[in-house]
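Okay, structure first, notes after.
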Amino acid sequence: MFVKKYYVVWKGLNPGVYDNWQDCEAQIKGIEGAVYRSFPGQEEAISAFRGNWKDYMRKRVPGPRVGKPITESLSVDAACSGNPGIMEYRGVVTGSGHQLFHKGPFPLGTNNIGEFLGIVHALAYLKKNNSGIPVYTDSKTALKWVKDKTVKTKLPRNARTETLFKLIDRAIYWLNNNEYTNPVLKWQTEIWGEIPADFGRK
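Structure, rendered in structure tokens:
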């Protein structure tokens, strides 16, 4: 589970302390020069709000510093023994590596399908928990599938893959029937190394 965050808005529509990202975002979205940050506790946030914002701007929420990932985010990855092959996927807290969900192994799947299902699973998980944090994936194909709300795979639908395809159907249905504000971002493996959700089997 996520640690409860409190958000301080020093410069925005209504400066103050907010107990969820959605309310914080409403104060700073589209506001040039907005200054805001998250804190792990209410007392710390209140104290920071009363202080000088310049003393607390080691990082911003949720915007990334140049060249670094947003640690307050959810990362997903899939592992496939062969492609297609036995497949599983999971989602972890980017900053800590704490696993939030894991599905599989499925008897036959592909890496891109696993990445796609991981992203949608993450979005549904975050929506249920009223969290607007970003989601990272290292799959360009899965990013496109999520954007297009479709899966273009050559994997045959048969008795061996039916359970997996039912999950794909459910994921596509969710994308078509739910709105979300979470940014879905590409993990920059060449700069940051392996995504925190990586299964470590390369």
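Everything in the sequence shown is counted per our numbering, starting at -8 for the first residue and increasing by one. The beta-carbon is built from N, C-alpha and C at its ideal position, and this holds for glycine as well. Just so it is clear, the structure is predicted and the values come from calculations on it, not from any experiment.
query: What's the gap between the Cα of Gly82 and the Cα of Val175?
result: Rounded to whole angstroms, the gap between the alpha carbons of Gly82 and Val175 is 13 Å.
- request: Drop a sphere of 10 angstroms on the beta-carbon of Asp10, count the other beta-carbons inside from all chains shown, and report buried for 16 or more, exposed for fewer.
  value: Result: exposed.
task: With a cut-off of 8 Å on the beta carbons, I'd call Pro195 and Tyr(-3) a contact; round off their distance for me.
output: Since the first residue shown for the chain is -8 and the last is 193, residue 195 is missing from the structure and cannot be characterised.
- request: Would you please state the rounded distance, in angstroms, between the beta carbons of Ile110 and Val137? I believe it to be under 8 Å.
  value: The beta carbons of Ile110 and Val137 sit about 5 Å from each other, so the pair counts as a contact at 8 Å.
query: Does the Cβ-Cβ distance between His112 and Ala162 come in under 9 Å?
result: Remark: C-beta atoms of His112 and Ala162 approach each other more closely than 9 Å.
- request: Whole angstroms is fine: what's the gap from Leu166's alpha carbon to Tyr47's?
  value: The alpha-carbon atoms of Leu166 and Tyr47 are separated by roughly 37 Å.
Identity of the residue in Gln90, Lys119 and Thr132 nearest Asn102 by Cα: Of the listed residues, the one whose Cα sits closest to Asn102 is Thr132.
message: Could you tell me which whole beta strand (DSSP E) segments of length 3 or greater appear in the segment 75 to 125?
response: You should have 76 to 84 and 90 to 100.
field: Beta-ladder partner(s) of Val8, from DSSP
entry: Bridge partners of Val8: Val(-1).
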